[in-house]
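**Student:** If you're matching positions, the sequence shown starts at 1 in the UniProt record's numbering and goes up one per residue.
Ideal Cβ positions, reconstructed from N, Cα and C, are used throughout, including at glycine.
So that we are looking at the same thing, I have put the structure below in structure tokens.
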Amino acid sequence: MISKNSPKFFCLSSKFQKGFIEKTRIQSRNYIISKFQFGFESIFKIFETSKKPSLSSLLLLDKFDNNSLPPSSFIPSDPRIKSEHCPGCGAKFQTRDRSKPVVTEEWQESVTSERSFLSYLKKKDDAIIITVVDIFDFPGTLLEHLDELIGTKNPNILVANKSDLLPKDFNETRIKLWLRTISEKLGFKNIHDVFLTSAKKNWRIQELSETIAAIRSGFDDIYLIGCANVGKSELINSFLRNTVEEGWRHKVTSSPIPGTTIGMIGLPLTLFGTTFGYNPKGFHFPQESKYLYDTPGIINKKQLVNLLNEDELKMVIPQKMIKPLTYYIFPGKSLFLGGLARIDYVEGDKPIRITIFSRLNPHVTSIRRADEMCQSMAVGDKTFLEPPIINSVKRRIEPFPPLVRGIKRHALKGLRGTTMSLKDIVFSGIGWASFGGSYERAIIDVWSPNGTGIYFRDKPLLPFEFKNDENTNNRIKWIVLYLM
Numbered sequence: 001m002i003s004k005n006s007p008k009f010f011c012l013s014s015k016f017q018k019g020f021i022e023k024t025r026i027q028s029r030n031y032i033i034s035k036f037q038f039g040f041e042s043i044f045k046i047f048e049t050s051k052k053p054s055l056s057s058l059l060l061l062d063k064f065d066n067n068s069l070p071p072s073s074f075i076p077s078d079p080r081i082k083s084e085h086c087p088g089c090g091a092k093f094q095t096r097d098r099s100k101p102v103v104t105e106e107w108q109e110s111v112t113s114e115r116s117f118l119s120y121l122k123k124k125d126d127a128i129i130i131t132v133v134d135i136f137d138f139p140g141t142l143l144e145h146l147d148e149l150i151g152t153k154n155p156n157i158l159v160a161n162k163s164d165l166l167p168k169d170f171n172e173t174r175i176k177l178w179l180r181t182i183s184e185k186l187g188f189k190n191i192h193d194v195f196l197t198s199a200k201k202n203w204r205i206q207e208l209s210e211t212i213a214a215i216r217s218g219f220d221d222i223y224l225i226g227c228a229n230v231g232k233s234e235l236i237n238s239f240l241r242n243t244v245e246e247g248w249r250h251k252v253t254s255s256p257i258p259g260t261t262i263g264m265i266g267l268p269l270t271l272f273g274t275t276f277g278y279n280p281k282g283f284h285f286p287q288e289s290k291y292l293y294d295t296p297g298i299i300n301k302k303q304l305v306n307l308l309n310e311d312e313l314k315m316v317i318p319q320k321m322i323k324p325l326t327y328y329i330f331p332g333k334s335l336f337l338g339g340l341a342r343i344d345y346v347e348g349d350k351p352i353r354i355t356i357f358s359r360l361n362p363h364v365t366s367i368r369r370a371d372e373m374c375q376s377m378a379v380g381d382k383t384f385l386e387p388p389i390i391n392s393v394k395r396r397i398e399p400f401p402p403l404v405r406g407i408k409r410h411a412l413k414g415l416r417g418t419t420m421s422l423k424d425i426v427f428s429g430i431g432w433a434s435f436g437g438s439y440e441r442a443i444i445d446v447w448s449p450n451g452t453g454i455y456f457r458d459k460p461l462l463p464f465e466f467k468n469d470e471n472t473n474n475r476i477k478w479i480v481l482y483l484m
């Protein structure tokens, strides 16, 4: 999405909004073709032209051709809706059931759940790829097998955004190596460099800009790719703030709701001044026909935040640095993160140390009591475990899924004498738990809505940070006494 004061972008909503609503499927297609004066034989030819139409217009044409209802079958139930499709992104409206979203789920999934639209980058020889991930949800926000999807002939920079959420004094060098190692295991080996950034606070943005400028030939477009809600739009705003006078006036809008940037937005590189445009000899590259593209975010269906409404997202998504909370848990006990995650310590020889990195406050109880609370939530009874907000004024389209045991009787192997955490369990989009202690063996069950969105990390992101909290020792003593 872009603000109304934004400059001239090649986005369907700004180019064709006026008058587009009034046109039928065939008229709309002919109108766009006549405007650009070239055919639509393939997506690759289109992106090589000087006009650079947005990907949203191409997807829209495809949807008009294949899935449009004939005009006679379109019966709007809301007088404000005068067209079958959104004039901005091309989303197909449903107008028959007021209890369902106006934009059909099929359209949203077809545009943002499929990664295939990125495959055209395989055929481009003149591109710089910026792969953006959320450090707070990794590897849940990394596109798997990325080298296979987009090829390896263009340089690709891995940007771990939202690093301002990590506890202070983290080891940046170790985390960069950690990111590279996990990415390579998931099929992303073509990594030119790794950056830990905060687009919100402008951390490392200048260094990232300089690296892009150093490897850019002057004929390269720049593409930002990644999952939904990792901060691609905010990263562009950070570039603008650093390089353009009155940078705040021109900005790409972002939203806390995942998947709200549907179409590809192309910004002329001239908008960024000389940020990406000096060669080693100091000459300014011609940039009139080169662009920085903000691609649609890919929705990871395993992310638990996709199940939440707007009020619940505000409870979950962290806005400031996370302070780790450390607990010692004995066998027979459970730990909740709101009503979104549950860890049961089923059996073991000694207590295990669990350090929580999440905005949600943990709750410790017995496994028996935890079962009762899950049963109450499953039948719609309100509990103090939030989110989800039971009986919310913002009605859900479907009931919130119950907590299901996604991982059963997983064995944790401890290491006596060690002071570091040995493994992470990630609840995608919610946070993670690090396990440590002097136990030899522990059996745990892990629960989440529908049993999805759970990842193991054999190498913890922050194995030592449980010691950073000055109140940890007092809290541990209190919890041990409480649970005995």
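Jot down the residue ranges of each uninterrupted beta strand (DSSP E) in the stretch 422-459, minimum 3 residues, whole runs only, in chain order.
**Tutor:** Secondary structure remark: continuous beta strand (DSSP E) runs of at least 3 residues inside the stretch 422-459, in chain order: 423-427, 431-436, 441-449 and 454-457.
**Student:** For the alpha helix (DSSP H) that residue 185 lies in, which residues bound it at each end?
**Tutor:** Within the sequence shown, numbered from 1, the residue matching residue 185 stands at position 185. Residues 172-185.
**Student:** The beta strand (DSSP E) spanning residue 488 covers which residue range?
**Tutor:** Nothing about residue 488 can be read from this structure; the chain reaches only from 1 to 484.
**Student:** Can you give me the Cβ contacts of residue 35 inside the same chain, cut-off strictly under 6 Å, excluding the 5 residues immediately before and after it?
**Tutor:** Counted from its first residue, the sequence shown places residue 35 at position 35. In this predicted model, residue 35 has a pLDDT of only 37, less than 50, meaning its place in the structure is not dependable enough to derive any value.
**Student:** Comparing alpha-carbon positions, which option in 405, 404 and 374 lies nearest residue 390?
**Tutor:** Reading the sequence shown from its first residue, position 390 is the one you call residue 390. Closest option to residue 390, Cα to Cα, is 374.
**Student:** Exposed or buried, what is residue 403 when buried is set at 16 or more other beta-carbons lying within 10 Å of its beta-carbon?
**Tutor:** Position 403 of the sequence shown, counted from the start, is the residue given in the question as residue 403. That one is buried.
**Student:** At what residues does the beta strand (DSSP E) containing residue 160 begin and finish?
**Tutor:** Translated into the one-based positions of the sequence shown, residue 160 becomes position 160. From DSSP, the beta strand (DSSP E) with residue 160 extends over 156-161.
**Student:** Rounded to the nearest angstrom, what separates residue 197 and residue 157 at their Cα positions?
**Tutor:** Along the sequence shown, read from residue 1 onward, the residue named residue 197 stands at position 197. Along the sequence shown, read from residue 1 onward, the residue named residue 157 stands at position 157. So the alpha carbons of these two residues sit roughly 12 Å apart.
**Student:** Between residue 235 and residue 212, what straight-line distance do the alpha-carbon atoms span, to the nearest angstrom?
**Tutor:** Taking the sequence shown and counting its residues from 1, the one referred to as residue 235 is at position 235. Taking the sequence shown and counting its residues from 1, the one referred to as residue 212 is at position 212. In a straight line, the C-alpha of residue 235 is about 14 Å away from that of residue 212.
**Student:** Based on Cα-Cα distance, which residue from 450, 128, 359 and 275 lies nearest to residue 209?
**Tutor:** Against the sequence shown, residue 209 aligns to sequence position 209. Nearest to residue 209 by C-alpha distance, out of 450, 128, 359 and 275, is 275.
**Student:** The beta strand (DSSP E) that contains residue 404, what's its start and end?
**Tutor:** Working through the sequence shown from its first residue, we reach residue 404 at position 404. Taken as a continuous stretch (DSSP letters only), the beta strand (DSSP E) holding residue 404 covers 403-413.
**Student:** Of the residues 337, 299, 325 and 332, which one's Cα is nearest the Cα of residue 315?
**Tutor:** As a first step, residue 315 is located in the sequence shown; it is residue number 315 there, counting from the start. Looking at the Cα atoms, 337 is the closest of the given residues.
**Student:** Taking all protein chains shown into account, do 16 or more other C-beta atoms lie within 10 angstroms of the C-beta of residue 303, making it buried, or fewer, making it exposed?
**Tutor:** Within the sequence shown, residue 303 is the residue found at index 303, counting from 1. Residue 303 is buried by the Cβ-count criterion.
**Student:** Hey, residue 352 and residue 412: beta-carbon distance below 8 Å or not?
**Tutor:** Position 352 of the sequence shown, counted from the start, is the residue given in the question as residue 352. Position 412 of the sequence shown, counted from the start, is the residue given in the question as residue 412. The answer is yes: Cβ separation under 8 Å.
**Student:** Quick check on this structure: which residue in 419, 401, 439 and 272 has the alpha carbon closest to the alpha carbon of residue 306?
**Tutor:** Residue numbering aside, residue 306 sits at position 306 when the sequence shown is read from its first letter. Considering only alpha carbons, the answer is 401.
**Student:** Between which residues of its own chain and residue 154 is the CB-CB distance below 6 Å, once the five residues before and five after are set aside?
**Tutor:** Position 154 of the sequence shown, counted from the first residue, corresponds to residue 154. Counting only Cβ-Cβ distances below 6 Å, and skipping sequence neighbours, we find 127 and 129.
**Student:** If you measure between the beta carbons of residue 297 and residue 187, is that distance less than 8 Å?
**Tutor:** Here residue 297 is taken as the residue at index 297 of the sequence shown, counted from 1. Here residue 187 is taken as the residue at index 187 of the sequence shown, counted from 1. Note that the C-beta distance between residue 297 and residue 187 is not below 8 Å.
**Student:** Ends of the beta strand (DSSP E) at residue 522?
**Tutor:** No information on residue 522 is available, as it lies outside the stretch 1 to 484 that the chain covers here.
**Student:** Within 10 angstroms of the Cβ of residue 409, are there 16 or more other Cβ atoms? Answer buried if so, exposed if not.
**Tutor:** Your numbering for residue 409 matches position 409 in the sequence shown. By the neighbour-count rule (16 or more Cβ atoms within 10 Å), residue 409 is not buried but exposed.
**Student:** Just the Cα atoms here: how many angstroms apart are residue 228 and residue 143?
**Tutor:** For the purposes of this step, residue 228 is identified with residue 228 of the sequence shown, where counting begins at 1. For the purposes of this step, residue 143 is identified with residue 143 of the sequence shown, where counting begins at 1. Cα to Cα, residue 228 sits roughly 11 Å from residue 143.
**Student:** Using the Cβ count rule (16 or more neighbours within 10 Å means buried), how would you classify residue 427?
**Tutor:** Position 427 of the sequence shown holds residue 427. When all chains shown are included, residue 427 counts as buried.
**Student:** Here's a check: name, in chain order, each residue in its chain whose Cβ is nearer than 8 Å to the Cβ of residue 281, leaving out the five neighbours to either side.
**Tutor:** Within the sequence shown, the letter at position 281 stands for residue 281. Confidence in residue 281 is poor, its pLDDT being 46 and thus under 50, which makes the residue's placement unreliable; the coordinate value appears in the next sentence. Taken in chain order, the list of residues that qualify is empty.
**Student:** Closest to residue 362 by CA distance: which of 414, 327, 406 and 453 is it?
**Tutor:** Position 362 of the sequence shown, counted from the first residue, corresponds to residue 362. It is 327 whose Cα lies nearest to the Cα of residue 362.
**Student:** I need the boundaries of the alpha helix (DSSP H) containing residue 213, first residue and last residue.
**Tutor:** Position 213 of the sequence shown, counted from the first residue, corresponds to residue 213. For residue 213, the enclosing alpha helix (DSSP H) has its first and last residue at 205-215.
**Student:** Using only alpha-carbon positions, find the residue among 348, 449, 370 and 372 that is nearest to residue 429.
**Tutor:** Numbered from its first residue, the sequence shown carries residue 429 at position 429. Cα-wise, what sits closest to residue 429 is 449.
**Student:** Sorted by chain position, which residues of the same chain lie with C-beta nearer than 8 Å to residue 242's C-beta, five sequence neighbours on each side aside?
**Tutor:** Here the question's residue 242 lines up with position 242 in the sequence shown. Excluding sequence neighbours, residue 242 sits near 202, 205, 206, 209 and 275.
**Student:** Which same chain residues, not among the five before or five after residue 176, have their C-beta less than 6 Å away from its C-beta?
**Tutor:** Locating residue 176 in the sequence shown gives position 176, counting from the first residue. 194.
**Student:** Leaving out five residues before and five after residue 199 in sequence, what residues of the same chain have Cβ atoms less than 6 Å from its Cβ?
**Tutor:** Along the sequence shown, read from residue 1 onward, the residue named residue 199 stands at position 199. Around residue 199: 161, 231, 234, 235 and 238.
**Student:** Compare the C-beta of residue 138 against all C-beta atoms of chain D and say whether one is closer than 8 Å.
**Tutor:** Note that chain D does not occur in the displayed structure, where there is just one protein chain.
**Student:** Compute the Euclidean distance between the alpha carbons of residue 465 and residue 214, then round it to the nearest angstrom.
**Tutor:** The residue given as residue 465 occupies position 465 in the sequence shown. The residue given as residue 214 occupies position 214 in the sequence shown. Those two C-alpha atoms are separated by around 35 Å.
**Student:** Where do the N-terminal and C-terminal ends of the alpha helix (DSSP H) with residue 150 fall, by residue?
**Tutor:** Residue 150 sits at position 150 when you count from the first residue of the sequence shown. Boundaries of the alpha helix (DSSP H) around residue 150: 146-150.
**Student:** Helix, strand or coil for residue 136, going by three-state DSSP, please let me know.
**Tutor:** The sequence position of residue 136 within the sequence shown is 136, counting from 1. Looking at residue 136 - three-state DSSP - the assignment turns out to be helix.
**Student:** In terms of alpha-carbon separation, which member of 365, 399 and 183 lies closest to residue 380?
**Tutor:** In the sequence shown, counting from the first residue as 1, residue 380 sits at position 380. Considering only alpha carbons, the answer is 399.
**Student:** Can residue 220 and residue 264 be called in contact, C-beta distance under 8 Å?
**Tutor:** On the sequence shown, position 220 is the one that residue 220 refers to. On the sequence shown, position 264 is the one that residue 264 refers to. No. Outside cutoff.
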